[in-house]
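Student: Before I ask anything, let me first share the structure, which is written out below as structure tokens.
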Amino acid sequence: MTFLQPWMLVALPLVSLPIVIHLINQRRFQTVPWAAMRFLLSARALSRGYSRLRHWLVMALRMLAVAAVVFAVGRPLSRGWLALAAGGRPDTALVILDRSPSMAERDVRASDTKLATGRRQVAEALVTLGATRTLLLVDPERGPVEVADPRALESLPAAGASAAPADMPRLLEAAHEYLRSSGAGTTEIWICSDQRSNDWAIDAPAWGGIRDAFARLPQPVRFQLVAFEEAAAGNVAVRVNAALLEGRGDERRLSITVALARDAAAEPVTVPVTIEIGGASSTVDVPLTDREAVLANHAIPLGAATEPRGWGRVSIPADANAADNDFFFVFDEAPPRRTLVVAEEAAAARALALAAEIPPERGLAATATIVAPGALETSGLEDAALVLWQAPLPDGSDRAALEAHVARGGQVILLPPSRPEETSDRTFVGVGWTAWRGHDPPVAPVTWRTDRDLLANTRSGAALPVGGLIARRTCGLAGDVVTLAGLPGGQPLLARAATGEVEGAAGAGPVRPVSNVAFLTTTAAPKDSTLAAEGVVLYCLLQRAIERGLLPLSNVRLLEAGGEAAAILRAGATPRRLSPPVAGAVTEPGWTAGVYALGDRLVAVNRPQAEDAATLVDDARIDEAFAGLALTRIEGQAGGTGRLVQEIWRGFLVAVILALVGEGLLCLPSPPRPETAARSPRAFEAAA
Numbered sequence: 007m008t009f010l011q012p013w014m015l016v017a018l019p020l021v022s023l024p025i026v027i028h029l030i031n032q033r034r035f036q037t038v039p040w041a042a043m044r045f046l047l048s049a050r051a052l053s054r055g056y057s058r059l060r061h062w063l064v065m066a067l068r069m070l071a072v073a074a075v076v077f078a079v080g081r082p083l084s085r086g087w088l089a090l091a092a093g094g095r096p097d098t099a100l101v102i103l104d105r106s107p108s109m110a111e112r113d114v115r116a117s118d119t120k121l122a123t124g125r126r127q128v129a130e131a132l133v134t135l136g137a138t139r140t141l142l143l144v145d146p147e148r149g150p151v152e153v154a155d156p157r158a159l160e161s162l163p164a165a166g167a168s169a170a171p172a173d174m175p176r177l178l179e180a181a182h183e184y185l186r187s188s189g190a191g192t193t194e195i196w197i198c199s200d201q202r203s204n205d206w207a208i209d210a211p212a213w214g215g216i217r218d219a220f221a222r223l224p225q226p227v228r229f230q231l232v233a234f235e236e237a238a239a240g241n242v243a244v245r246v247n248a249a250l251l252e253g254r255g256d257e258r259r260l261s262i263t264v265a266l267a268r269d270a271a272a273e274p275v276t277v278p279v280t281i282e283i284g285g286a287s288s289t290v291d292v293p294l295t296d297r298e299a300v301l302a303n304h305a306i307p308l309g310a311a312t313e314p315r316g317w318g319r320v321s322i323p324a325d326a327n328a329a330d331n332d333f334f335f336v337f338d339e340a341p342p343r344r345t346l347v348v349a350e351e352a353a354a355a356r357a358l359a360l361a362a363e364i365p366p367e368r369g370l371a372a373t374a375t376i377v378a379p380g381a382l383e384t385s386g387l388e389d390a391a392l393v394l395w396q397a398p399l400p401d402g403s404d405r406a407a408l409e410a411h412v413a414r415g416g417q418v419i420l421l422p423p424s425r426p427e428e429t430s431d432r433t434f435v436g437v438g439w440t441a442w443r444g445h446d447p448p449v450a451p452v453t454w455r456t457d458r459d460l461l462a463n464t465r466s467g468a469a470l471p472v473g474g475l476i477a478r479r480t481c482g483l484a485g486d487v488v489t490l491a492g493l494p495g496g497q498p499l500l501a502r503a504a505t506g507e508v509e510g511a512a513g514a515g516p517v518r519p520v521s522n523v524a525f526l527t528t529t530a531a532p533k534d535s536t537l538a539a540e541g542v543v544l545y546c547l548l549q550r551a552i553e554r555g556l557l558p559l560s561n562v563r564l565l566e567a568g569g570e571a572a573a574i575l576r577a578g579a580t581p582r583r584l585s586p587p588v589a590g591a592v593t594e595p596g597w598t599a600g601v602y603a604l605g606d607r608l609v610a611v612n613r614p615q616a617e618d619a620a621t622l623v624d625d626a627r628i629d630e631a632f633a634g635l636a637l638t639r640i641e642g643q644a645g646g647t648g649r650l651v652q653e654i655w656r657g658f659l660v661a662v663i664l665a666l667v668g669e670g671l672l673c674l675p676s677p678p679r680p681e682t683a684a685r686s687p688r689a690f691e692a693a694a
């Protein structure tokens, strides 16, 4: 049991006061043998058993009354049927809020969302506990922010809903860093979350370091997890997979692909999907018979009067979660998918150019131009998305042109030259070639990144057949790189230069470089590899690099909500929100869904696709992650009205009153019956 005034418990020895008084009272009278009164003792022995029981009950009630007074003055707390936490008033209360879209779910019987309920209940608990300092942590980059009054958590803009996932490992790392550097005293960390797997990343290697780091802190740290695990039934999420502008003049139309998803298969339903563009809206009924449904390539006529660049919103009727009922998109005439191939071998150049000039979607224009080394500066590099360089590392004007291309956001993939030893002194972004190495027998990749970058899994979750590639000859790399695909022995097949700004937290796994320069350690020539023969991997690799290279060339962009989107919006012109604001959401651009104008560019920000999956982390996995730490789990429910922590001193005062009333009743003399009054021992005593 927790007490707000635990020092008052030193008065508990006062419970023995009735016993001490009883013993003192016993010594007030001395027993004197007197033969004339012996008959009175024998008469009183008839009722001694009842009297002794009554005396013991009176003493017990007096002790209970004293103990209840001491407990009431100590201000005890109850955490309900959920848990009994040890400890007193914390010096610091640090609140970690999961503001992800899934926390916007609400129960059909209540109006409050999980996030609103959690904020209110945690605020009430902190007011009751009376912590010296209250801190709010929602962004690991900014760290904890002090809150003057815990009640402000319910209305603080920073505590509003967000379209971004909650990166729980990084949030806990930020909390640990603050506690380590600030020297805070006894701390309670309140975590309000629905335990979604994409927010917790429970398989990340950072958890071991987080657990050990908190265990080494000198001050006591207790964790209170308010878990809203119950998922709302019947929730449907909508998103736009593609929005392509097709045709010209009066034939202009927008081809849009809309996807619906729900947590589990249920009864078939028809979902009305509303598409809004430029103030005009249309509704299409989409049958949802399983967990997913797709409205593919739905054509919306635009006509010549419509601006070539615009934005829109797809929405579905309100259900249990309003955060996944809308999805924003932007469209514009696609920039040309232009690739420059600089190669010293014609066979390798043709294979690379062929894979680059096949567009992934109908209606897209793609070209690949073969350029001789030394002519890059005059090849129209300013509108190229990707440069494939299979020649000695650039120097002179080629190097300057390629560096400028990289600086503006263009993509570069370098392949080894035929004789790298002749230019072994050259480097590009700090990385150079060493020497060719033959593999007999040929080798295949054993590891590759499937979660991000050029070899990531497809949208459906299927992996690229990277393991089916065969490398007969590879060239070594010298420099700091991050491997995207590795061969046996640790030699990279595909790597990125680990230079420039990086994102990710220390201990959270391999860091992803922001550098847009990649190195492929073999070529597409048959003597070196099966890249050309097994063309799927090469094609996907190049098309994804082109997509990245088109971002700085396009006037529209799609971003996933979070810190990266916020940084991009802050780096450009002052963002102007075009879509209506979301009620109860954070106001900072990049953290909530919507469309923003950055000068002449349009940026749409939406929730990540992983937020549409209702996969929960088991309680056992979380207990394992916090093994050795003081963790209390509190089950929450959207719209719940109960308190997490409440004072129960009133109950102890009631116990005092009941104990005193009981003592008084036991002390009342029982009235004698008339027919026995003359023969009772009391009558004899009165006569004596």
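Everything in the sequence shown is counted per the numbering used here, starting at 7 for the first residue and increasing by one. All residues carry an ideal CB built from backbone N, CA and C; glycine is no exception. The structure presented is a predicted model; accordingly, all values stated were derived computationally and were not measured.
1) Would you check if the distance between the CB atom of V264 and the CB atom of L301 is smaller than 8 angstroms?
2) Exposed or buried, D459, counting other C-beta atoms within 10 Å across all chains shown (16 or more means buried)?
3) Considering R432, what are the terminal residues of the beta strand (DSSP E) in which it resides?
4) Using a threshold of 8 angstroms, state whether the C-beta atoms of R105 and E160 are closer than that.
5) Report back the beta-carbon spacing between V242 and L294 to the nearest angstrom; my notes put them in contact at under 8 angstroms.
6) Among D625, L177, L370, L132, which one has its Cα closest to the Cα of V153?
7) Please return the same chain residues whose Cβ sits closer than 7 angstroms to the Cβ of L408, not counting the five positions on each side in sequence.
8) Where does Q225 sit, in a helix, a strand or coil, going by DSSP?
9) To the nearest angstrom, how far is it from the Cα of V377 to the Cα of E147?
10) From the DSSP output, which residues share a beta bridge with T536?
11) Ordered along the chain, which non-local residues of its own chain (more than five positions away) have a Cβ less than 6 angstroms from that of A362?
12) For E235, which residues of its own chain have a beta-carbon under 7 angstroms away from its beta-carbon, when the five flanking residues on both sides are left out?
13) Where does A491 sit, in a helix, a strand or coil, going by DSSP?
14) Using 8 angstroms for Cβ pairs, my map puts L500 next to L461. What's the rounded Cβ distance?
15) Which one of N612, P366, D624 has the shortest CA to CA distance from A567?
16) What distance in whole Å lies between the Cβ atoms of Q225 and L185, which are believed to be in contact at a cut-off of 8 angstroms?
17) At the level of alpha carbons, what is the spacing between R479 and K533?
18) How is the alpha helix (DSSP H) around E630 delimited, first residue to last?
19) What are the boundary residues of the beta strand (DSSP E) that R259 is part of?
20) Are G642 and V144 touching if we call contact CB-CB under 8 angstroms?
21) If I measure Cβ to Cβ from F333 and keep anything under 6 angstroms in the same chain, skipping five residues before and after, which residues do I get?
22) Is the separation between the beta-carbon of L604 and that of L575 shorter than 8 angstroms?
23) Under 8 angstroms Cβ to Cβ from P341, same chain only, skipping five residues before and after it: list those, please.
24) Smallest Cα separation from D291: which of G668, G284, L266?
25) Helix, strand or coil for I281? Go by DSSP, reduced to three states.
26) Along the alpha helix (DSSP H) that carries T529, what are the first and last residues, could you check?
27) In the DSSP assignment, the alpha helix (DSSP H) including Q417 goes from what residue to what residue?
28) As a quick exercise: from T192, A122, L177, D173, pick the residue whose alpha carbon is nearest that of R139.
29) Determine the contact status of V543 and L475, defining contact as a CB-CB distance below 8 angstroms.
30) Which two residues bound the contiguous beta strand (DSSP E) that contains W395?
31) Could you spell out the range, first to last residue, of the alpha helix (DSSP H) harbouring P175?
32) Using a 10 Å radius around the Cβ and a threshold of 16 neighbouring Cβ atoms, would you call N303 buried or exposed?
33) For A484 and V437, which I take to be in contact (beta-carbon distance under 8 angstroms), what is that distance rounded to the nearest angstrom?
34) Using DSSP with H/G/I as helix, E/B as strand and the rest coil, what is S287?
35) Could you give the distance in angstroms between the alpha-carbon of D457 and the alpha-carbon of A74?
36) Let me check understanding here. Comparing Cα to Cα, which of S521, A468, F525 lies closest to G492?
Tutor: For this structure:
1) Within the sequence shown, residue 264 is the residue found at index 258, counting from 1. Within the sequence shown, residue 301 is the residue found at index 295, counting from 1. Contact flag set, yes.
2) Taking the first residue of the sequence shown as position 1, residue 459 is located at position 453. That one is buried.
3) Your numbering for residue 432 matches position 426 in the sequence shown. Careful: R432 lies outside any beta strand (DSSP E) and carries neither H nor E.
4) Your numbering for residue 105 matches position 99 in the sequence shown. Your numbering for residue 160 matches position 154 in the sequence shown. No, the pair does not count as a contact, with Cβ atoms beyond the cut-off.
5) Here residue 242 corresponds to residue number 236 of the sequence shown, with the count starting at 1. Here residue 294 corresponds to residue number 288 of the sequence shown, with the count starting at 1. The pair is a contact, with the Cβ atoms about 7 angstroms apart (cut-off 8 angstroms).
6) The residue you call residue 153 lines up with position 147 of the sequence shown. For the residues D625, L177, L370, L132, the minimum Cα distance to V153 belongs to L132.
7) Indexing the sequence shown from 1 puts residue 408 at position 402. Cβ within range, chain order: L382, V393, P400, V418.
8) Locating residue 225 in the sequence shown gives position 219, where the first residue counts as 1. Q225 falls in the coil class under three-state DSSP.
9) Against the sequence shown, residue 377 aligns to sequence position 371. Against the sequence shown, residue 147 aligns to sequence position 141. Spanning the two alpha carbons is a distance of roughly 43 angstroms.
10) On the sequence shown, residue 536 is found 530 positions in, with the first residue counted as 1. In the DSSP output, where bridge partners are listed per residue, T536 has none listed.
11) Within the sequence shown, numbered from 1, the residue matching residue 362 stands at position 356. Excluding residues within five positions, the ones whose Cβ falls inside 6 angstroms are T345, A374, L548.
12) Along the sequence shown, read from residue 1 onward, the residue named residue 235 stands at position 229. Hits under 7 angstroms: D200, Q201, L622.
13) Against the sequence shown, residue 491 aligns to sequence position 485. Strand, per DSSP.
14) On the sequence shown, position 494 is the one that residue 500 refers to. On the sequence shown, position 455 is the one that residue 461 refers to. About 7 angstroms; that satisfies the 8 angstroms criterion.
15) One-based indexing of the sequence shown puts residue 567 at position 561. It is N612 whose Cα lies nearest to the Cα of A567.
16) If you number the sequence shown from 1, residue 185 lands on position 179. If you number the sequence shown from 1, residue 225 lands on position 219. Going by Cβ atoms, the distance from L185 to Q225 rounds to 7 angstroms, so yes, they are a contact pair.
17) To locate residue 479, count along the sequence shown from 1; it is residue 473. To locate residue 533, count along the sequence shown from 1; it is residue 527. Whole-angstrom Cα-Cα distance: 8 angstroms.
18) Locating residue 630 in the sequence shown gives position 624, counting from the first residue. Residues 625–631.
19) For the purposes of this step, residue 259 is taken as residue 253 along the sequence shown, with counting starting at 1. 259–268 is the span of the beta strand (DSSP E), which, as asked, contains R259.
20) Position 636 of the sequence shown, counted from the first residue, corresponds to residue 642. Position 138 of the sequence shown, counted from the first residue, corresponds to residue 144. Cβ atoms of G642 and V144: not closer than 8 angstroms.
21) On the sequence shown, position 327 is the one that residue 333 refers to. V244, R245, V246, V320, N612, listed in sequence order.
22) For the purposes of this step, residue 604 is identified with residue 598 of the sequence shown, where counting begins at 1. For the purposes of this step, residue 575 is identified with residue 569 of the sequence shown, where counting begins at 1. The answer is yes: Cβ separation under 8 angstroms.
23) Within the sequence shown, numbered from 1, the residue matching residue 341 stands at position 335. So the qualifying residues of the chain are D389, A391, L556, L559, S560.
24) Looking up residue 291 in the sequence shown gives position 285. Ranking the options by Cα distance to D291, first place goes to L266.
25) Position 275 of the sequence shown, counted from the start, is the residue given in the question as residue 281. Strand at I281.
26) To locate residue 529, count along the sequence shown from 1; it is residue 523. Careful: T529 lies outside any alpha helix (DSSP H) and carries neither H nor E.
27) The sequence position of residue 417 within the sequence shown is 411, counting from 1. It is not in any alpha helix (DSSP H) - Q417 instead sits in the beta strand (DSSP E) that spans 417–421.
28) Residue 139 sits at position 133 when you count from the first residue of the sequence shown. It is T192.
29) Taking the sequence shown and counting its residues from 1, one reaches residue 543 at position 537. Taking the sequence shown and counting its residues from 1, one reaches residue 475 at position 469. Their beta carbons are under 8 angstroms apart, which means V543 touches L475 by this criterion.
30) Residue numbering aside, residue 395 sits at position 389 when the sequence shown is read from its first letter. 392–396 is the span of the beta strand (DSSP E), which, as asked, contains W395.
31) Position 169 of the sequence shown, counted from the start, is the residue given in the question as residue 175. Per DSSP, P175 belongs to the alpha helix (DSSP H) from 174–188.
32) Counted from its first residue, the sequence shown places residue 303 at position 297. Exposed: under 16 other Cβ atoms inside 10 Å.
33) Looking up residue 484 in the sequence shown gives position 478. Looking up residue 437 in the sequence shown gives position 431. About 7 angstroms; that satisfies the 8 angstroms criterion.
34) For the purposes of this step, residue 287 is identified with residue 281 of the sequence shown, where counting begins at 1. Three-state result, S287: strand.
35) Taking the first residue of the sequence shown as position 1, residue 457 is located at position 451. Taking the first residue of the sequence shown as position 1, residue 74 is located at position 68. Using only the alpha carbons, I get a separation of about 59 angstroms.
36) One-based indexing of the sequence shown puts residue 492 at position 486. With distances taken between Cα atoms, G492 lies closest to F525.
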